[in-house]
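Student: Could you have a look at this structure, given as structure tokens, before my questions?
Numbering (our numbering), first residue to last: 132 to 451.
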């Protein structure tokens with residue numbers, strides 16, 4: 132796939148500046164593209180031993196490359212270059228200054244309603260593109276705040292496709308243990324083997340809630356506790372709400388509860404944002420959720436020019 136020329140190009144073209152982080156199979160660096168002068172992020176994936184190859188490390192890396200080379204959208208992280216070596220693959224991405232998790236956790240940053248609505252619209256535009264490409268991001272990896280990268284212009288890009296899959300086949304079965312629990316839709320907790328865009332929309336609802344509360348809305352300590360926390364707020368679904376719910380492999384009968392008004396959870400939020408959260412968190416009953424959300428958000432949003440700087444405090448957080 133790669134030769135000595137591509138390896139040497141990586142050494143000469145990209146000047147590493149800072150180590151940003153390390154995962155189980157990869158290191159991430161901030162670097163400078165000496166040809167363009169732009170900053171980039173380099174994800175150095177360790178290919179490792181034959182034993183690791185059998186465990187799927189190489190397949191995961193190749194899957195991410197194949198997928199990202201086919202995706203081109205303003206709200207999807209861009210794969211700019213691929214550099215191969217015997218022991219690693221280096222993926223060169225757009226450099227993004229921070230992520231949504233850092234923004235949420237920084238109490239010095241004040242998120243105005245227009246910021247939140249703008250972020251949500253960008254998330255949905257990216258997800259709409261993925262869904263039109265028959266790609267289910269929530270399955271690929273976790274759709275959660277630290278996988279939503281943000282640059283200093285307020286542009287959001289969905290990132291981290293290490294577990295990506297195409298979901299075009301209506302009969303394809305999936306593994307349910309793919310999402311960080313706090314953002315996992317109930318059907319995944321119930322071990323549903325087939326699911327669709329609703330799991331992405333559930334995650335969006337959880338993220339909107341977190342932007343408002345500045346803490347996760349459903350911080351379950353176990354799968355059962357996750358369901359308890361969800362149904363305490365949203366109420367338990369009925370058979371009419373959710374036909375065939377009891378057919379899921381890990382279905383657990385829960386004590387019926389009516390839930391609580393979202394207005395009492397989000398006391399300072401506008402009615403339109405509360406309605407967005409409600410629609411996302413009931414999306415197994417709403418096939419047209421994306422169209423609804425787009426229409427609602429575009430009515431709410433002010434015009435935001437691409438070259439308009441975000442407030443200084445919004446760009447102060449940097450990746451560690």
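Beta carbons are placed, not taken as given, at the ideal position from N, Cα and C, and that holds for glycine.
A quick note: this is a predicted structure, and the numbers were derived from the prediction, not measured.
#1: Three-state secondary structure (DSSP) at residue 418?
#2: With the cut-off set at 7 Å, would you say residue 337 and residue 320 are in Cβ contact?
#3: Between residue 396 and residue 364, which are expected to be in contact by the criterion C-beta below 8 Å, what is the C-beta distance as a whole number of angstroms?
#4: In whole angstroms, give me the CA-to-CA distance for residue 400 and residue 221.
#5: Given a threshold of 16 other Cβ atoms within 10 Å of its Cβ, counted over all protein chains shown, does residue 174 qualify as buried or as exposed?
#6: Residue 146 by DSSP, collapsed to three states: which one?
#7: Please classify residue 372 as buried or exposed, where buried requires at least 16 other C-beta atoms within 10 Å of its C-beta.
#8: Please state if the CB of residue 218 and the CB of residue 193 are separated by a distance shorter than 7 Å.
#9: In three-state terms, what does DSSP make of residue 153?
#10: Tell me, please, whether the segment 236-256 touches the segment 157-175 by the rule of three or more beta-carbon pairs shorter than 8 Å.
#11: Flag this pair as yes or no: are the beta carbons of residue 279 and residue 206 separated by less than 7 Å?
#12: How would you label residue 392, buried or exposed, when you count the other beta carbons within 10 angstroms and need 16 or more for buried?
#13: Span of the beta strand (DSSP E) holding residue 279?
#14: Counting pairs of Cβ atoms below 8 Å between the segment 246-264 and the segment 338-345, do you hit three or more?
#15: From the DSSP output, which residues share a beta bridge with residue 215?
Tutor: Looking at the coordinates:
#1: Any answer about residue 418 is weak, because its pLDDT of 43 lies below 50 and its placement is not dependable; what the coordinates show is given next. In the structure shown, the three-state DSSP call for residue 418 is coil.
#2: Going by C-beta atoms, residue 337 is not nearer than 7 Å to residue 320.
#3: At roughly 6 Å, the Cβ-Cβ gap stays under 8 Å, so residue 396 and residue 364 are in contact.
#4: Straight-line Cα distance between these residues: approximately 43 Å.
#5: By the 10 Å Cβ count, residue 174 comes out buried.
#6: Three-state DSSP puts residue 146 in a strand.
#7: It is exposed - the Cβ of residue 372 has fewer than 16 other Cβ atoms within 10 Å.
#8: No; because the gap between Cβ atoms is not below 7 Å, this pair is not in contact.
#9: The answer is strand: DSSP assigns residue 153 an E or B state.
#10: No contact exists between the segment 236-256 and the segment 157-175.
#11: No, they are not a contact pair.
#12: The C-beta of residue 392 has fewer than 16 other C-beta atoms within 10 Å across all chains shown, which makes the residue exposed.
#13: That run of the beta strand (DSSP E) goes 279-281.
#14: Using a Cβ-Cβ distance cut-off of 8 Å, the segment 246-264 and the segment 338-345 are in contact, since at least three pairs of beta carbons, one from each stretch, lie closer than that value.
#15: The partner list for residue 215 (beta bridge, DSSP) reads 220.
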